[in-house]
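Visitor: I'd like to ask some things about the structure below.
2 protein chains.
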Amino acid sequence: MEEVNKGLNLSVIKAFKLLDVYMNSKQEWGVRELAKETGYNKTTTYRLLSTLESLGILQKNPDDKYILGIKLFELGNLVPVYKSLRNYSQIPLEQIAKDIKETVHFGVLSGDKVLYLNKAESPLGLKVSTQIGSYQHAYCTAIGKVLLAYSSQEHLSDYIKTIELEAHTAHTITNPADLLKALEQIRAKEYALDMEELELGLICIAIPVFNKNRKVVASISVAGPSSRFKAENIKSYLSIIRKGASEIERHIRDYD
Amino acid sequence: MEEVNKGLNLSVIKAFKLLDVYMNSKQEWGVRELAKETGYNKTTTYRLLSTLESLGILQKNPDDKYILGIKLFELGNLVPVYKSLRNYSQIPLEQIAKDIKETVHFGVLSGDKVLYLNKAESPLGLKVSTQIGSYQHAYCTAIGKVLLAYSSQEHLSDYIKTIELEAHTAHTITNPADLLKALEQIRAKEYALDMEELELGLICIAIPVFNKNRKVVASISVAGPSSRFKAENIKSYLSIIRKGASEIERHIRDYD
DNA sequence: AACACTGTTTCACATTGTGAAACAACTTTT
DNA sequence: AAAAGTTGTTTCACAATGTGAAACAGTGTT
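Residue numbers (this note's numbering), protein chains in the order written: chain A, -18 to 237; chain B, -18 to 237.
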């Protein structure tokens, strides 16, 4: 229909493209609404949605809108990829969140973006809250910059070539040369700062998590409002995060 | 092919049936292996797997076996169903786990089974560890018995009629009349015990979580080895769990 | 060298999915 | 109260799409 989808099952592709729509926007969709969004015929959309509903992948609201169903939650929790990372990070992240009283994130580089695998939220009312399983740009987050700093030379040069460094705030790094310089500093200091580069008022600090071959497999960050995040705290924050990181590292020594 | 699947998309159904196989057993499957398991033709299976792989729903191991992919993890984390329950339970569960030093589970009744929505693990080495998103029989778990005890009369009589009360240990309740009597006691005491009914050496205690209409929407359980779980602790455990439950109840008053 | 496994491609066949249009059950507008 | 919007759902003729036996192409084992 579009390109050369050699021998792939078109219906299945369509079904998942329907589910994909839920990633970027609303939680509830009607038949015609989804049909317009995807460009599929109403009837086709209707039947795919009915099928997904019969499987529990989608479920219907009282007002006939479709939302993502429990079966999908269930399947998602079975995914073994990064599972050890997710499991072993849980308790250390909670400890860090408790000690620093800010939200802690744990992520890996998936393609060109940061994938958030786990988190532990700040006990305070004003806090950062991110969706586990969601993605964020790498160049304007502390986690992302750590992971970029320690990724391979080829991946990095590919990244620089292809990525549009979009300004999210006045502090976002938008110049490739500046980004490379920043990454070099991160490698030297073994931590990254995000000083309101993604969002005004939001500051993050991140460090790498190594496996036994000193390959960086993930990154931990602490994120909080600029009102609480003072320069004099960085040192103590780093030692707390590093303690958590080495706890994780102990368990994932063989991770690759 | 099987019954009257009025107008449903067969390819999509097959694709998800392939994913379903991952729920009950292994994490890695080859093409022919999955074909045999599902009864589908090798070629059909191969093409469905290729399609799912191209979507990131599955991914291939170095040895050509398929495992569940990140995309599925991502989609699973988007599911809004029970999301508020999951979110608001996190911190109270952690607090309970910290206070009691045993693993804490949080679940709802989904169909005839207990669906585990969240957990907080014991800080100790010897501990219970359950897969979030997984299911367990209701009649032989503390959470399940609580949820059954507070479910509607119709649902309960349906349950009793259809469910086979299989003995997992010598302590499992296998007689419908005994189960009904046990549920009655649970309603009277507002908590349930599982004295090694699912697994030898495993003891659980569970209480209901109410919404503002006094409808039970979930249940919290504490699970630990019989060596640590003494009768004299029950009272103090209950008060700790109840504190957590009321914390959750405060947030989910309107949940239905 | 023969066998037993994998995953993959081919090709003739018809089952299966398709989409315009009609329908039914609703709100909102006239 | 009628008309014009919505919505989800069903119909039906048509062919595109998915199917599966068999052949192929790799690996590892006997």
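Just so you know, even glycine gets a beta-carbon here, dropped at the ideal spot from N, CA and C.
Provide the residue(s) that pair with Ser202 of chain B in DSSP beta bridges, ordered along the chain.
Guide: The residue given as residue 202 of chain B occupies position 221 in the second sequence. DSSP output for Ser202 of chain B lists B:His86 and B:Ala187 as bridge partner(s).
Visitor: Give every residue of the same chain whose Cβ lies closer than 6 Å to the Cβ of Pro73 of chain A, excluding the five residues on either side of it in the sequence, and list them in chain order.
Guide: Here residue 73 of chain A refers to the residue found at position 92 of the first sequence. Closer than 6 Å at Cβ, skipping near neighbours: Gly225, Glu228 and Ile229.
Visitor: With 7 Å set as the bound, which would you pick, yes or no: does the beta-carbon of Met(-18) of chain A sit closer than that to a beta-carbon of chain B?
Guide: In the first sequence, counting from the first residue as 1, residue -18 of chain A sits at position 1. Legend: pLDDT at Met(-18) of chain A = 33, less than 50; position of this residue unreliable, no value from coordinates given.
Visitor: Can you find a CB in chain B that lies within less than 7 Å of the CB of Arg28 of chain A?
Guide: Numbered from 1 along the first sequence, position 47 holds the residue referred to as residue 28 of chain A. Closer than 7 Å: yes.
Visitor: Could you give the DSSP three-state label for Lys41 of chain A: helix, strand or coil?
Guide: By 1-based counting over the first sequence, the position of residue 41 of chain A is 60. Looking at Lys41 of chain A - three-state DSSP - the assignment turns out to be strand.
Visitor: What residue ranges within the region 91 to 173 of chain B form continuous beta strand (DSSP E) runs of no fewer than 3 residues, ordered along the chain?
Guide: Restricted to the region 91 to 173 of chain B, the beta strand (DSSP E) segments that are unbroken, complete and at least 3 residues in length are 94 to 101 and 116 to 118, listed in chain order.
Visitor: Pull up the CB-CB distance for Ile77 of chain A and Val203 of chain A, whole angstroms please, since I reckon it's below 8 Å.
Guide: Counting from 1 along the first sequence, the entry for residue 77 of chain A is found at position 96. Counting from 1 along the first sequence, the entry for residue 203 of chain A is found at position 222. Indeed, because the Cβ distance is near 7 Å, the residues count as touching under 8 Å.
Visitor: Which word fits Arg234 of chain B, buried or exposed, when buried means at least 16 other C-beta atoms lie within 10 angstroms of its C-beta?
Guide: For the purposes of this step, residue 234 of chain B is taken as the residue at position 253 of the second sequence. Label assigned to Arg234 of chain B: exposed.
Visitor: Does the beta carbon of Val(-15) of chain A come closer than 7 Å to any beta carbon on chain B?
Guide: Numbered from 1 along the first sequence, position 4 holds the residue referred to as residue -15 of chain A. Because Val(-15) of chain A carries a pLDDT of 45, less than 50, the predicted location of this residue cannot be relied on, and the following value inherits that uncertainty. Answer no: the Cβ-Cβ gap between Val(-15) of chain A and chain B never drops below 7 Å.
Visitor: Which residue wins for smallest C-alpha separation from Asp237 of chain B, given the options B:Leu53, B:Leu66 and B:Asn58?
Guide: What you label residue 237 of chain B is simply residue 256 of the second sequence in a count that begins at 1. Nearest C-alpha to Asp237 of chain B: B:Leu66.
Visitor: Kindly indicate which residue of A:Asn68, A:Lys211 and A:Glu83 has the alpha-carbon position closest to the one of Glu102 of chain A.
Guide: Taking the first sequence and counting its residues from 1, the one referred to as residue 102 of chain A is at position 121. Selected option, being the one with the closest Cα: A:Glu83.
Visitor: So with Cβ pairs under 7 Å, would you call Asn58 of chain A a contact of chain B?
Guide: Here residue 58 of chain A refers to the residue found at position 77 of the first sequence. Judged by the 7 Å Cβ criterion, Asn58 of chain A is in contact with chain B.
Visitor: According to the neighbour-count rule (16 or more other Cβ atoms, all chains shown, within 10 Å of its Cβ), is Lys100 of chain B buried or exposed?
Guide: On the second sequence, residue 100 of chain B is found 119 positions in, with the first residue counted as 1. Buried, since its Cβ has 16 or more Cβ neighbours within 10 Å.
Visitor: From the beta carbon of Gln42 of chain A, is the nearest beta carbon of chain B less than 7 Å away?
Guide: Start at 1 with the first residue of the first sequence, and residue 42 of chain A comes out as number 61. Sequence inspection shows Asn at residue 42 of chain A; the Gln mentioned does not correspond to that position. Taking Cβ atoms only, chain B never reaches closer than 7 Å to Asn42 of chain A, which makes this a no.
Visitor: Rounding to the nearest angstrom, what Cα-Cα distance links Ser220 of chain B and Gly88 of chain B in this structure?
Guide: In the second sequence, the residue the question calls residue 220 of chain B occupies position 239. In the second sequence, the residue the question calls residue 88 of chain B occupies position 107. The alpha-carbon atoms of Ser220 of chain B and Gly88 of chain B are separated by roughly 19 Å.
Visitor: Is it the case that the Cβ atoms of Asn278 of chain B and Thr32 of chain A are separated by a distance below 7 Å?
Guide: Only positions -18 to 237 of chain B appear in the structure, and residue 278 of chain B is not among them; the question remains open.
Visitor: Can Gly50 of chain A and Phe54 of chain B be called in contact, C-beta distance under 7 Å?
Guide: Reading the first sequence from its first residue, position 69 is the one you call residue 50 of chain A. Reading the second sequence from its first residue, position 73 is the one you call residue 54 of chain B. Cβ atoms of Gly50 of chain A and Phe54 of chain B: not closer than 7 Å.
Visitor: Between which residues of its own chain and Tyr218 of chain B is the CB-CB distance below 7 Å, once the five residues before and five after are set aside?
Guide: Mapped onto the second sequence, residue 218 of chain B falls at position 237. So the qualifying residues of the chain are Ile81, Ile186 and Val203.
Visitor: Return the residues of the region 108 to 121 of chain B that lie within a Cβ-Cβ distance of less than 9 Å from chain A, sorted by chain order.
Guide: Ser110, Gln112, Ile113, Gly114, Ser115 and Tyr116
Visitor: May I have the straight-line CA-CA distance separating Leu30 of chain A from Gly205 of chain A, to the nearest angstrom?
Guide: By 1-based counting over the first sequence, the position of residue 30 of chain A is 49. By 1-based counting over the first sequence, the position of residue 205 of chain A is 224. Each residue's Cα considered, the two are about 40 Å apart.
Visitor: Could you give the distance in angstroms between the alpha-carbon of Asp44 of chain A and the alpha-carbon of Ala(-4) of chain A?
Guide: Locating residue 44 of chain A in the first sequence gives position 63, where the first residue counts as 1. Locating residue -4 of chain A in the first sequence gives position 15, where the first residue counts as 1. Roughly 22 Å separates the two Cα atoms.
Visitor: What's the C-alpha gap between Thr143 of chain A and Glu135 of chain A?
Guide: Sequence index remark: in the first sequence, residue 143 of chain A carries index 162 (1-based). Sequence index remark: in the first sequence, residue 135 of chain A carries index 154 (1-based). Cα to Cα, Thr143 of chain A sits roughly 12 Å from Glu135 of chain A.
Visitor: Can you name the residues of chain A whose CB is closer than 8 Å to the CB of Tyr3 of chain B?
Guide: Here residue 3 of chain B refers to the residue found at position 22 of the second sequence. Correct list: Leu56 and Leu59.
Visitor: Of the choices A:Asn22, A:Tyr27 and A:Glu177, whose alpha-carbon is the least far from that of Val109 of chain A?
Guide: In the first sequence, counting from the first residue as 1, residue 109 of chain A sits at position 128. Per the Cα distances, A:Glu177.
Visitor: In angstroms, rounded to a whole number, what distance separates the CA positions of Arg209 of chain B and Gly11 of chain A?
Guide: Indexing the second sequence from 1 puts residue 209 of chain B at position 228. Indexing the first sequence from 1 puts residue 11 of chain A at position 30. One C-alpha to the other measures close to 52 Å.
Visitor: Using a Cβ cut-off of 7 Å (strictly closer), state whether Gln134 of chain B contacts chain A.
Guide: Taking the first residue of the second sequence as 1, we reach residue 134 of chain B at position 153. Under the 7 Å criterion on CB atoms, Gln134 of chain B is classed as non-interfacial with respect to chain A.
Visitor: Which chain B residues are close to Thr32 of chain A, counting only those with a beta carbon under 8 Å from its beta carbon?
Guide: Sequence index remark: in the first sequence, residue 32 of chain A carries index 51 (1-based). Those within 8 Å of Thr32 of chain A in chain B are Leu(-11), Asn(-10), Val(-7) and Ile(-6).
Visitor: Since Val95 of chain B and Ile124 of chain B are thought to touch, with beta carbons under 8 Å apart, how far apart are those beta carbons, to the nearest angstrom?
Guide: For the purposes of this step, residue 95 of chain B is taken as residue 114 along the second sequence, with counting starting at 1. For the purposes of this step, residue 124 of chain B is taken as residue 143 along the second sequence, with counting starting at 1. That belief holds up - the Cβ atoms of Val95 of chain B and Ile124 of chain B are roughly 5 Å apart, short of 8 Å.
Visitor: Under 7 Å between C-beta atoms, does Phe(-3) of chain A make it to chain B?
Guide: Within the first sequence, the letter at position 16 stands for residue -3 of chain A. Closer than 7 Å to some Cβ of chain B, the Cβ of Phe(-3) of chain A qualifies, so yes.
Visitor: Given a limit of 8 Å on CB to CB distance, which residues of the region 217 to 233 of chain B reach chain A?
Guide: Residues of the region 217 to 233 of chain B that bring their beta carbon within less than 8 Å of a beta carbon in chain A are absent altogether.
Visitor: Between B:Ser133, B:Tyr47 and B:Glu75, which lies nearest to Arg168 of chain B when the distance is taken from Cα to Cα?
Guide: The residue you call residue 168 of chain B lines up with position 187 of the second sequence. Nearest option by C-alpha distance: B:Ser133.
Visitor: Below 8 Å on the Cβ atoms is my contact criterion, and I expect Val(-7) of chain B with Thr19 of chain B to pass it. Report the Cβ-Cβ distance as a whole number of Å.
Guide: In the second sequence, counting from the first residue as 1, residue -7 of chain B sits at position 12. In the second sequence, counting from the first residue as 1, residue 19 of chain B sits at position 38. Not quite, the Cβ-Cβ distance comes to about 14 Å (not below 8 Å), so this is no contact.
Visitor: Kindly list the residues whose CB is nearer than 7 Å to the CB of Tyr21 of chain A, restricted to its own chain and excluding five residues on each side of it in sequence; keep chain order.
Guide: Taking the first sequence and counting its residues from 1, one reaches residue 21 of chain A at position 40. So the qualifying residues of the chain are Lys(-5).
Visitor: Leaving aside the five residues before and after Glu34 of chain B along the sequence, list all residues of the same chain whose C-beta is less than 8 Å from its C-beta, in chain order.
Guide: The sequence position of residue 34 of chain B within the second sequence is 53, counting from 1. Result list for Glu34 of chain B: Gln40, Lys41, Tyr47 and Gly50, in chain order.
Visitor: Give the secondary structure of Asp80 of chain B by DSSP, where H, G and I count as helix, E and B as strand, and everything else as coil.
Guide: Walking along the second sequence from the start, residue 80 of chain B turns up at place 99. DSSP places Asp80 of chain B in helix when its eight states are reduced to three.
Visitor: Buried or exposed, going by whether 16 or more other CB atoms sit within 10 Å of the CB of Glu213 of chain B?
Guide: What you label residue 213 of chain B is simply residue 232 of the second sequence in a count that begins at 1. A residue is called buried when at least 16 other Cβ atoms come within 10 angstroms of its Cβ; Glu213 of chain B does not meet this threshold and is exposed.
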